[in-house]
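Chemist:
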Amino acid sequence: MSFKQKYGPYALITGGTSGIGEEMAKIVASKGVNIILVARRENVLSEKANILQKEYGVDVKTISADLTKKEDLDKVLRETEGLEIGLLIPNAAIENHGFMMDIDLEKELSAIQLDVVSVFTMTHHFGKKMAERGRGGILLVSSMIGHMPNPYFSNYAGIKAYIANLGFSLNYELKKKGVDVTVLSPGPTDTPMLNGAMGGMDLSKMPMAIQKADYVAQLGIDGLGKKPHVIPGFKNTLMVRMAKMMSISTSINSGGKMMDKAMNS
Numbered sequence: 003m004s005f006k007q008k009y010g011p012y013a014l015i016t017g018g019t020s021g022i023g024e025e026m027a028k029i030v031a032s033k034g035v036n037i038i039l040v041a042r043r044e045n046v047l048s049e050k051a052n053i054l055q056k057e058y059g060v061d062v063k064t065i066s067a068d069l070t071k072k073e074d075l076d077k078v079l080r081e082t083e084g085l086e087i088g089l090l091i092p093n094a095a096i097e098n099h100g101f102m103m104d105i106d107l108e109k110e111l112s113a114i115q116l117d118v119v120s121v122f123t124m125t126h127h128f129g130k131k132m133a134e135r136g137r138g139g140i141l142l143v144s145s146m147i148g149h150m151p152n153p154y155f156s157n158y159a160g161i162k163a164y165i166a167n168l169g170f171s172l173n174y175e176l177k178k179k180g181v182d183v184t185v186l187s188p189g190p191t192d193t194p195m196l197n198g199a200m201g202g203m204d205l206s207k208m209p210m211a212i213q214k215a216d217y218v219a220q221l222g223i224d225g226l227g228k229k230p231h232v233i234p235g236f237k238n239t240l241m242v243r244m245a246k247m248m249s250i251s252t253s254i255n256s257g258g259k260m261m262d263k264a265m266n267s
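Next up, the structure:
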């Protein structure tokens with residue numbers, strides 16, 4: 003089957019108005035698949051939808067929703083009920099960094115609601131429908147951080163570890179039903195989120211390559227159905243593999259020293 007036959011007629015992309023999500027929306031639309039964009043800001047959603055429709059001639063629907071709120075997650079499920087979604091990309095994410103005990107608890111719980119609860123809920127909801135149809139795809143967005151200890155990003159690291167293992171495990175389960183599951187684990191990427199996450203940090207002291215959003219998005223889409231896991235960039239791939247070869251104690255100390263250097267610069 004072609005990409006459109008396998009993953010159409012609609013792809014639902016959260017966080018699809020900027021960064022990696024926006025680039026994924028362009029790539030998927032270029033393949034003739036209709037798009038459902040989910041993000042918070044109504045005006046930005048309308049602007050991005052108009053661009054996609056004019057550029058690629060696909061139908062673009064928008065849902066204004068803050069997925070840190072359960073009622074908005076319910077809204078997404080309700081408003082997509084009559085649509086056949088063959089591709090799910092739950093890309094929206096937030097993070098908080100620093101000494102975890104200094105971070106407001108509600109901020110961390112909001113991150114869990116967005117990055118864990120909403121991702122699992124949508125994966126379960128739309129994955130079930132895809133399995134019943136015998137086709138579809140789910141591209142989960144983890145992070146390099148999810149594959150190694152990352153002090154000062156503790157909750158975010160735990161969240162992304164959950165996303166990675168969820169995807170790896172579902173890859174086997176859903177393959178039997180004709181549904182592809184791939185996990186994309188980017189390193190630092192030139193996006194608005196990077197500016198917020200890494201503000202005040204010296205990235206030159208971190209042995210990770212900063213990638214362009216369009217490059218990361220293309221590798222993720224290209225890997226769908228072909229690879230269970232995609233890590234953009236040779237240096238980033240090597241770093242993840244090295245972390246997995248270390249003892250837990252060594253990996254913790256290595257990650258801690260790296261983050262101390264970057265944060266204390």
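Each residue of the sequence shown is one higher than the last, beginning at 3 in my numbering.
Quick reminder that beta carbons are idealized off the backbone N, C-alpha and C, glycines included.
1. With 16 other CB atoms within 10 Å as the buried threshold, where does Ile250 fall?
2. Name the two residues that bound the continuous alpha helix (DSSP H) containing Asp76.
3. Tell whether a beta-carbon distance below 9 Å holds between Leu1 and Thr125.
4. State the Cα-Cα distance for the pair Met102 and Ser156, rounded to the nearest angstrom.
5. Grouping DSSP H, G and I as helix and E and B as strand, with all else coil, what is Asn98?
6. How many angstroms separate the CA atom of Gly10 from the CA atom of Met132?
7. Taking only three categories from DSSP, how would you classify Gly136?
8. Starting from the C-beta of Gln55, find all residues in its chain whose C-beta is less than 8 Å away, skip the five residues before and the five after it, and write them out in chain order.
9. Can you tell me whether DSSP reads Asn93 as helix, strand or coil?
10. Let me confirm a value: Asn52 is counted as buried when at least 16 other C-beta atoms fall within 10 Å, else exposed. Which label applies?
11. Given a threshold of 16 other Cβ atoms within 10 Å of its Cβ, counted over all protein chains shown, does Ser171 qualify as buried or as exposed?
12. Using only the alpha-carbon positions, how far apart do Ile154 and Asn98 sit?
13. Between which two residues does the alpha helix (DSSP H) holding Thr239 run?
14. Checking 9 Å against the spacing of the C-beta atoms, do Gly235 and Gly189 come in under that value?
15. Nearest by alpha-carbon distance to Thr82: which of Tyr158, Ala245, Leu176 and Leu14 is it?
16. Tell me, to the nearest whole angstrom, how far the beta carbon of Thr193 is from that of Gly59; I am working on the premise that it is less than 8 Å.
17. Which two residues bound the contiguous beta strand (DSSP E) that contains Ser66?
18. Here's a check: name, in chain order, each residue in its chain whose Cβ is nearer than 6 Å to the Cβ of Ser144, leaving out the five neighbours to either side.
19. Could you tell me the alpha carbon to alpha carbon distance between Thr16 and Asn255, rounded to whole angstroms?
Modeler: Let me lay it out:
1. Sixteen is the threshold: since fewer than 16 other Cβ atoms of the shown chains lie within 10 Å of the Cβ of Ile250, the residue is exposed.
2. First-last of the alpha helix (DSSP H) with Asp76: Lys72 to Glu81.
3. Because the chain here runs from 3 to 267, residue 1 falls outside it and cannot be looked at.
4. Those two C-alpha atoms are separated by around 7 Å.
5. Asn98: coil per DSSP, three-state reduction.
6. Cα to Cα, the separation comes out at about 11 Å.
7. The three-state secondary structure of Gly136, taken from DSSP, is coil.
8. Correct list, in chain order: Asp61 and Val62.
9. Asn93 falls in the coil class under three-state DSSP.
10. Asn52 is exposed by the Cβ-count criterion.
11. The residue in question, Ser171, is exposed, as its Cβ has fewer than 16 Cβ neighbours within 10 Å.
12. Contrary to the premise, residue 154 reads as Tyr rather than Ile in this sequence. Distance between the alpha carbons of Tyr154 and Asn98: 9 Å.
13. Counting along the chain, the unbroken alpha helix (DSSP H) around Thr239 starts and ends at Phe236 to Met247.
14. For Gly235 and Gly189, yes; Cβs fall inside 9 Å.
15. Measuring from the Cα of Thr82, the nearest candidate turns out to be Leu14.
16. Wrong, their Cβ atoms sit about 27 Å apart, outside the cutoff.
17. Ser66 -> beta strand (DSSP E) spans Val62 to Ser66.
18. So the qualifying residues of the chain are Lys162, Ile165, Ala166, Val185 and Ser187.
19. Using only the alpha carbons, I get a separation of about 35 Å.
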